[in-house]
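Same order as they appear, the protein sequences are chains A and B.
The UniProt record's numbering puts the first residue of the first sequence at 1, with every later residue one more than the last.
The UniProt record's numbering puts the first residue of the second sequence at 1, with every later residue one more than the last.
By construction, the Cβ of each residue, glycine as well, lies at the ideal position given by its N, Cα and C atoms.
Quantities reported herein were computed from a predicted structural model and do not represent experimental measurements.
Protein chains: 2
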Amino acid sequence: MVAMSSLYVPPPKCLEKRFVAPQRHMFGPGPSNVPPRILAAGAEPVIGHMHPEMFEIMSDIRSGIQYAFQTRNKVTLAVSGTGHAAMECAIFNAVEPGEDVLMAVNGIWGERAAEIAERIGARVNTIRTPAGSCFTNEDINQALARHKPCVVLFTHGESSTGVLHPLDGIGDICHRHNCLFVVDCVASMGGAPLYMDTQGIDILYTGSQKVLNAPPGTAPISFSERAWQKVFNRKTKPVSFFLDMSWLANYWGCDGKLARIYHHTGPVTNFYSLRESLAVLAEQGLENSWCRHQEVAEYFHEGLENMGLRLFVKDKNVRLPTVTTIVAPPGYDWKEITSYIMKNHKLEISGGLGPSVGQVLRVGLMGCNSSKASVDMVLEALKDALKHCHKSRV
Amino acid sequence: MVAMSSLYVPPPKCLEKRFVAPQRHMFGPGPSNVPPRILAAGAEPVIGHMHPEMFEIMSDIRSGIQYAFQTRNKVTLAVSGTGHAAMECAIFNAVEPGEDVLMAVNGIWGERAAEIAERIGARVNTIRTPAGSCFTNEDINQALARHKPCVVLFTHGESSTGVLHPLDGIGDICHRHNCLFVVDCVASMGGAPLYMDTQGIDILYTGSQKVLNAPPGTAPISFSERAWQKVFNRKTKPVSFFLDMSWLANYWGCDGKLARIYHHTGPVTNFYSLRESLAVLAEQGLENSWCRHQEVAEYFHEGLENMGLRLFVKDKNVRLPTVTTIVAPPGYDWKEITSYIMKNHKLEISGGLGPSVGQVLRVGLMGCNSSKASVDMVLEALKDALKHCHKSRV
Chain A
1 MVAMSSLYVP PPKCLEKRFV APQRHMFGPG PSNVPPRILA AGAEPVIGHM HPEMFEIMSD
61 IRSGIQYAFQ TRNKVTLAVS GTGHAAMECA IFNAVEPGED VLMAVNGIWG ERAAEIAERI
121 GARVNTIRTP AGSCFTNEDI NQALARHKPC VVLFTHGESS TGVLHPLDGI GDICHRHNCL
181 FVVDCVASMG GAPLYMDTQG IDILYTGSQK VLNAPPGTAP ISFSERAWQK VFNRKTKPVS
241 FFLDMSWLAN YWGCDGKLAR IYHHTGPVTN FYSLRESLAV LAEQGLENSW CRHQEVAEYF
301 HEGLENMGLR LFVKDKNVRL PTVTTIVAPP GYDWKEITSY IMKNHKLEIS GGLGPSVGQV
361 LRVGLMGCNS SKASVDMVLE ALKDALKHCH KSRV
Chain B
1 MVAMSSLYVP PPKCLEKRFV APQRHMFGPG PSNVPPRILA AGAEPVIGHM HPEMFEIMSD
61 IRSGIQYAFQ TRNKVTLAVS GTGHAAMECA IFNAVEPGED VLMAVNGIWG ERAAEIAERI
121 GARVNTIRTP AGSCFTNEDI NQALARHKPC VVLFTHGESS TGVLHPLDGI GDICHRHNCL
181 FVVDCVASMG GAPLYMDTQG IDILYTGSQK VLNAPPGTAP ISFSERAWQK VFNRKTKPVS
241 FFLDMSWLAN YWGCDGKLAR IYHHTGPVTN FYSLRESLAV LAEQGLENSW CRHQEVAEYF
301 HEGLENMGLR LFVKDKNVRL PTVTTIVAPP GYDWKEITSY IMKNHKLEIS GGLGPSVGQV
361 LRVGLMGCNS SKASVDMVLE ALKDALKHCH KSRV
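Next comes the structure, spelled out in structure tokens:
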């Protein structure tokens, strides 16, 4: 009997302890706090991934995403994964091996997109601009003329640098160059104006755990008719069955077919909470949400400057309202600051990521966390930290 | 202002309705019912995906999976996706383009695995056996000698046909042929004896929503040292960054490195519920769970035969204790039966899948649903359906 042998793996003691999650102010770049109403939705009883009630929930989610993205695209759904899965979904479906793509790199997300495209055998071209800055439409036009990509990817909300990239006009440039315009709005969606159809975006995706305030695990995505035609006319199958949009579009009832064929078991309870978070956004109004994030960000930035701190993004017009990057206070160890604030204020703010590592503190105020009360809390915590953390002579 | 134009997408009315999930007996092949205790764990407040408390939860999950899989593999973690993502994770990491693989097809899962391997450019060989039956170790030995694959995949619990595939001896055969032994235990884990290390399994994966009774959205997976070496020595990167085990192993703290590098935002609340479901399994005892599923299945099968129904899997020794396939009652439309039972008994049983479509009814009694009381409910519902559904002359 194996149970008696030395090969037997006994039940682990660590699981005897009951787990209770600590209460935190989640003011990092995400996940953000999840309001009780959305947590409660996610704790509703599980039903089948293909029950009629589930299809109704999925239909509601599609309508909610169409509203949040400002699109009428029929191919609009939520990927069963986090933002990264949606980025792979966009690239896996839009790009075939050997095709040219152009990744606009002004932070970590463009780098990630380049890495993903390389893995599937695309010819990856990049344009780069220093962390904290943006591309001009003229830069973009020239790069498209030079590289002739079939897909170009921009990050609307670059959470690693705190930049909100302007999108107006890029869609037209892409389409003149016969190229799909793909936008990552994981960190910006709901926090800054975004009009998928009007701005000519062909593929747009986000995550559930930022402004939407749902737990991480689902990722809204939408394909324009132009993007969908490219997917439809592929010569090769996408490398991933799990992320194959033809299958997903059928599962979500957006391919016009009556019968839905079993593809995978969707994360039922995450869909509940995603639906609820979209309902909250619809109730509050998208424009109100955009305005609130902008106002709160400006109030925050003013407070930071009044404290003598500097913002990493110099141009006011391209500051991301959801995630603020603060130049790491000179003379301090940024890690000591974030640890102090977590320990003494139960409040998460984070350091840099990718090109901003060691250079910045990052504060995310997204969805329900975007309020002047939250700003006051963060400013108090920062003041307290700067008073108590070790400062060397600069 | 776009808001006033015809392009504006207004907030959807459908989201004004409050959603409440119906209570169902989830006796299909999955997802199964989620006990209140596990739902409650999933509704704990969200913390960061890289907070120390989160790493502790992930460490507990690893211990729980090691117990459930009966393995001491250090590379043991949960994929941020459903069972399908884990299947892709296994194949994407273990196989390089151009390599030979062998998929043992005795139902839909072998077919899916073959499709996934084809998409990444592997040379896919299959062995096939009729739905409801198994391969002998001699079949396997001959196929390995003929095809010389570097990876072979078996489905332990073939939920489309109701077969529990014997695993003893296959590991040794694979290793003699210098081949990795990959096993899909999505539908069987916790419901039937399985000893990853003793049985020489190199990659094993399951889903959260079957015997574990957690919501769908996470998928435990483990790599043996032999499998890990093959991953480590790859010449090419896996096609997916999201499912790249080198990154995942670091995120989960199983690569021996001190620093954890940000990879993706894990589904925090799904990890809470997965931890809780593993704690339930550890409390109850793995062997007790195996025995209970076997006893309940035998009690169920006896009840079905007493009603005059026939089991699809003829050989008693290879019947899957978690998912039972019943030959579709002659003269009836199986869809009418499942619909009748859902409508009148709020109870899900399902039809066939893949090779068993139209031929069977499938009943899953997994985890908390594996009880004689559940069996009695299903038998009553079936009797009622056979009395009230339309029967043609046979």
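Proximity of residue i and residue j at Cβ, strictly below 8 Å
{"i": "B/Ser32", "j": "B/Gln284", "result": "no"}
{"i": "B/Ile221", "j": "B/Val79", "result": "yes"}
{"i": "B/Thr322", "j": "B/Met366", "result": "yes"}
{"i": "B/His156", "j": "B/Leu164", "result": "yes"}
{"i": "B/Ser350", "j": "B/Gly83", "result": "no"}
CB-CB length for residue i against residue j, believed under 8 Å
{"i": "B/Pro216", "j": "A/His49", "result": "7 Å"}
{"i": "B/Ala41", "j": "B/Gly190", "result": "That belief does not hold up - the Cβ atoms of B/Ala41 and B/Gly190 are roughly 17 Å apart, past 8 Å."}
{"i": "A/Phe223", "j": "B/Arg119", "result": "Between B/Arg119 and A/Phe223 the Cβ distance is about 20 Å, and since that is not below 8 Å, they are no contact."}
{"i": "A/Ala381", "j": "A/Leu347", "result": "5 Å"}
{"i": "A/Cys150", "j": "A/Asp100", "result": "6 Å"}
{"i": "A/Ile57", "j": "A/Leu278", "result": "Not quite, the Cβ-Cβ distance comes to about 11 Å (not below 8 Å), so this is no contact."}
{"i": "B/Ala219", "j": "B/Ala85", "result": "6 Å"}
{"i": "A/Tyr299", "j": "A/Val375", "result": "6 Å"}
{"i": "B/Ile108", "j": "B/Leu353", "result": "6 Å"}
Short CB-CB distance (under 8 Å) between residue i and chain B
{"i": "A/Cys14", "result": "yes"}
{"i": "A/Val2", "result": "In this predicted model, A/Val2 has a pLDDT of only 49, less than 50, meaning its place in the structure is not dependable enough to derive any value."}
{"i": "A/Ala78", "result": "no"}
{"i": "A/Met103", "result": "no"}
{"i": "A/His293", "result": "no"}
{"i": "A/Arg275", "result": "yes"}
{"i": "A/Ala187", "result": "no"}
{"i": "A/Arg72", "result": "yes"}
{"i": "A/Ser63", "result": "yes"}
{"i": "A/Val306", "result": "Residue 306 of chain A is actually Asn in this sequence, not Val. With 8 Å as the cut-off, A/Asn306 does not count as an interface residue toward chain B."}
{"i": "A/His156", "result": "no"}
{"i": "A/Ala21", "result": "yes"}
{"i": "A/Tyr251", "result": "no"}
Any C-beta of chain A under 8 Å from that of residue i
{"i": "B/Tyr262", "result": "yes"}
{"i": "B/Phe241", "result": "yes"}
{"i": "B/Ile47", "result": "yes"}
{"i": "B/Asp384", "result": "no"}
{"i": "B/Thr198", "result": "yes"}
{"i": "B/Ser6", "result": "no"}
{"i": "B/Tyr332", "result": "no"}
{"i": "B/Gln359", "result": "no"}
Proximal residues to residue i (C-beta, below 7 Å), its chain only, five neighbours per side dropped
{"i": "A/Arg226", "result": "Leu180, Asp202"}
{"i": "A/Val2", "result": "With a pLDDT of only 49 at A/Val2, under the threshold of 50, the placement of this residue in the model should not be trusted; the figure read from the coordinates follows. Once the five neighbours on either side are set aside, the close Cβ partners of A/Val2 are Tyr8."}
Start and end residues, alpha helix (DSSP H) containing residue i
{"i": "A/Arg275", "result": "268-284"}
{"i": "A/Tyr340", "result": "334-345"}
{"i": "A/Phe69", "result": "52-69"}
{"i": "B/Arg146", "result": "137-147"}
{"i": "B/Tyr195", "result": "Where B/Tyr195 is concerned, there is no enclosing alpha helix (DSSP H), given that its DSSP letter is neither H nor E."}
{"i": "A/Asp172", "result": "170-176"}
{"i": "B/Gly30", "result": "Neither: B/Gly30 is in no alpha helix (DSSP H) and is coded neither H nor E."}
{"i": "A/Pro375", "result": "Reading off the sequence shown, one finds Val at residue 375 of chain A, where the question assumed Pro. Per DSSP, A/Val375 belongs to the alpha helix (DSSP H) from 372-388."}
{"i": "B/Ala41", "result": "36-41"}
{"i": "B/Phe92", "result": "83-94"}
Unbroken beta strand (DSSP E) run spanning residue i, endpoints
{"i": "B/Asn125", "result": "123-128"}
{"i": "B/Ala219", "result": "219-223"}
{"i": "B/Val151", "result": "151-155"}
{"i": "B/Gly364", "result": "360-364"}
{"i": "B/Met103", "result": "100-105"}
{"i": "A/Tyr205", "result": "203-205"}
{"i": "A/Leu15", "result": "Element bounds for A/Leu15: n/a, residue is neither H nor E."}
{"i": "A/Ala78", "result": "75-79"}
Residue i CB to nearest heavy atom of the ligand COA below 7 Å
{"i": "B/Trp290", "result": "The model depicted lacks the ligand COA and carries no ligand whatsoever."}
Beta-carbon contacts of residue i that lie in its chain and below 8 Å, excluding the five residues immediately before and after
{"i": "A/Gln70", "result": "Leu194, Tyr195, Met196, Asp197, Thr198, Leu286"}
{"i": "B/Phe271", "result": "Met54, Ile57, Met58, Ile61, Ala78, Thr218"}
{"i": "A/Thr265", "result": "His49"}
6 Å CB neighbourhood of residue i in its chain, flanking five on each side removed
{"i": "B/Thr126", "result": "Met103, Val105, Ala114"}
{"i": "A/Ala122", "result": "Val95, Glu99, Val101"}
{"i": "B/Ala90", "result": "Val182, Ile203, Tyr205"}
{"i": "B/Phe312", "result": "Gly132, Gly162, Thr325, Val327, Val360"}
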